[in-house]
Structures are given as C-alpha cells and as structure tokens.
Amino acid sequence: MKKQKSYKDEAGKLYLVPTPIGNLEDMSVRGVKVLKTADLIASEDTRNTQKLLNHFDIAVAQKSLHEHNYKQRIPEFLELLKQGQTIAQVSDAGMPSISDPGQEFVASCIEEGISVISLPGPTAGLTALIASGLAAQPNYFYGFLPRKRKDQQATLEKLATIKATLIFYESPYRLKTTVANMIEVFSEQRRAVICRELTKIHEEYLRGTLAELHDYLADNTLKGECCLIVEGQIAQEIPDQVSKEPLKVQVEQLIATGLKPNSAIKEVAKQNDLKKQIVYNDYHDLNQSE
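Written out as structure tokens, the structure reads:
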C-alpha cells in the first residue's frame, strides 16, 4: 500500500484543474489562481485552452498532452516536476481524465512519488444527472460507447442488468442510432434524458422513454454537446434475463453492479421465487445432495 500526502514540500506538484463545460463563469477562483501561478499548463488542445487563458488574462506557457503524444510528453513533464516545477493539467472542458486525457500522467506521477492535487469543478456527467429527474444514486458512469454497432450492442449487453442510473456521452449525430440500439438491448420503456448544451444559452433537457426519444430524434436534428442519462434495469426486463441466464450468472451480474454477494443471492432468489439456500448452493457450487 502506498501512502502519499498531496501537499509535499519537496519536488513539484501536478494540479488537475477542471475547466468550464460551456459557461466561463463556472471557472473557480482557485482554478484561475492555480493556472496563473503554475510553471506550465498541460493542455489537451493548446488552441482551445488559449481562449480560456486569454479570457482570464493568464500568460503561462502551454504544452499539449493528448492521446497521440502522451508517451512522449509524460517523461518530459516528469523531469520538470522532479526539478520542482508546478504543472497544471486541463482538458478542453470539464475534468481531466473523464473521457479525456490525463489518467496515464496521474498514474506516472503517483509511481514517481510526485504530489497530485485535484481541484473540484465542472463535469458534464454529474451536472446532467442531478437535473435529469432520474435516480442520482447509485449511478454508473460509462462515457462514450463504441461507435460500431456490433461493439456498441455488445457493451450494452454487459450494462443491461445494472440497476444504477447510466451516464453516457454521445455525439448528437449518433444519438438516434445509439438510442435505437438501447431499445433493442434494454427496453423501449426505460426512462431516459438527453441533456444538451449544458450551462450554455441553448441548454435543453429532453425527457421521456427511450421509445419517445427515438421518435423525437426521427423528426428532429440536435446540435451541440450531449449527455444521455438512462434509467437502470427495470422490472419488465428481469423475466427475460432470468429465463436466459443460470442462477450463478445472475448472481455474478448483480455483483458486477456493486451488490455484495449475499445481497445478490437474496435478489436472485426473490426474482426466481426460490429459497435463498438454493441460489447460495448454486453460486458456491455446493453439492445439494450432500
């Protein structure tokens, strides 16, 4: 086990700085201060971040850090941090590492014993979730689904039995296809919300069942950044799942959603109208004849 304080005095520090997802007024005072006092800003796209820096009169130099150059950049940045410099990392919008670059850099800093300090701030998924009207807890953040239909459906199959509210990011140009795939894999009766252009002047929430949203998208073209919030598994879907899967698999699927084994066993027993001991024995591969 590694124990590390975030505010060590020796060596440099990596600050993870959230940036606005639309409205520049959502930039925190602390975030601006960190960007102004950093020795270097690691940006997903330096041109995009420069607009933010200009707005807040920040003159600190930038270097790019994205999915195509992180293997080259991280060693460079680590050397600067070891020399005592402070680096602030930002993505184009929202939190670094959340469907954006950053995770590899953080992991490398931790491995080298360099302090990593995360600032709280804007993130599209939770911003959409709390205004969606769907259950905020528990929730399951997925982000962007695979683009190819076969891969996307395979992923949705794995998510189908999760009872937590699901959070996705999606392009407005792929929303109709994605919702259609969800209807095929999940159920058309699941409630869902398309959250568009969050914090911006054209912010919009489209609420309904997956079927209703699909009908709307058939006649309307959306623009802008979108989050798709989808209700977790509903009661109507459970019989199909129960009839297809062995008891042990049902228990494993519920455990994958975050339930503890005993709770999952109890739930599967209830769904199948069986005694808990029967499911327990099946899950643990116990010989019931003994």
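Under my numbering, think of the first position of the sequence shown as 102, with each following residue one higher.
Even for Gly, the Cβ is constructed at its ideal location relative to N, Cα and C.
Can you give me the start and stop residues for the alpha helix (DSSP H) that residue i sits inside?
i, result
"Thr187", "Here Thr187 belongs to no alpha helix (DSSP H), and DSSP marks it neither H nor E."
"Gly132", "130-138"
"Thr278", "276-286"
"Gln151", "147-156"
"Asn363", "362-373"
"Ser209", "204-212"
Note down the Cα distance separating residue i from residue j, rounded to an integer number of angstroms.
i, j, result
"Ala232", "Phe242", "15 Å"
"Asn382", "Leu375", "12 Å"
"Phe269", "Leu299", "14 Å"
"Leu318", "Glu305", "14 Å"
"Lys349", "Val369", "9 Å"
"Ala281", "Arg131", "43 Å"
"Gln290", "Ala265", "16 Å"
"Ser390", "Tyr384", "Model confidence at Ser390 stands at a pLDDT of 46, short of 50, so the residue's coordinates are unreliable and nothing is read from them."
"Cys210", "Ala312", "46 Å"
"Phe245", "Thr228", "16 Å"
"Ala162", "Leu182", "15 Å"
"Leu154", "Pro347", "56 Å"
"Gln173", "Asp193", "20 Å"
"Ala139", "Thr187", "5 Å"
"Glu55", "Gln184", "Nothing about residue 55 can be reported from this structure: the residues present for the chain run from 102 to 391 only."
"Arg148", "Ile263", "39 Å"
"Gln334", "Ala261", "6 Å"
"Glu212", "Ser198", "17 Å"
"Glu338", "Phe287", "7 Å"
"Phe178", "Val207", "11 Å"
"Leu190", "Lys134", "A small correction: the amino acid at residue 190 is Gln; Leu does not occupy that position in the sequence shown. For Gln190 and Lys134, the distance between alpha carbons rounds to 13 Å."
"Gln253", "Asp386", "33 Å"
"Met128", "Lys301", "14 Å"
Considering just the uninterrupted stretch of the beta strand (DSSP E) at residue i, what are its terminal residues?
i, result
"Ser198", "First-last for Ser198: undefined, no H or E at that position."
"Ala293", "292-297"
"Ala265", "It is not in any beta strand (DSSP E) - Ala265 carries neither H nor E in the DSSP assignment."
"Ala255", "Taken as a continuous stretch (DSSP letters only), Ala255 belongs to no beta strand (DSSP E), being part of the alpha helix (DSSP H) at 250-260."
"Ser233", "Segment 225-233 is the alpha helix (DSSP H) holding Ser233; no beta strand (DSSP E) there."
"Asn240", "240-245"
For a quick check, are the C-beta atoms of residue i and residue j less than 8 Å apart?
i, j, result
"Glu258", "Ala293", "no"
"Thr224", "Gly195", "yes"
"Leu166", "Ser200", "no"
"Leu125", "His169", "no"
"Leu230", "Tyr116", "no"
"Ile218", "Ala112", "no"
"Ile159", "Leu141", "no"
"Leu329", "Ile379", "no"
"Pro239", "Gly359", "yes"
Around the C-beta of residue i, are 16 or more other C-beta atoms found within 10 angstroms, so that it is buried, or is it exposed?
i, result
"Val118", "buried"
"His303", "exposed"
"Gly203", "buried"
"Arg250", "exposed"
"Lys114", "buried"
"Gln351", "buried"
"Arg297", "buried"
"Asn363", "exposed"
"Gly234", "exposed"
"Ala365", "buried"
Counting pairs of beta carbons, one from the segment 320-335 and one from the segment 265-277, are three or more of them closer than 8 Å?
Between the segment 320-335 and the segment 265-277, the count of Cβ pairs shorter than 8 Å is three or higher; the stretches touch.
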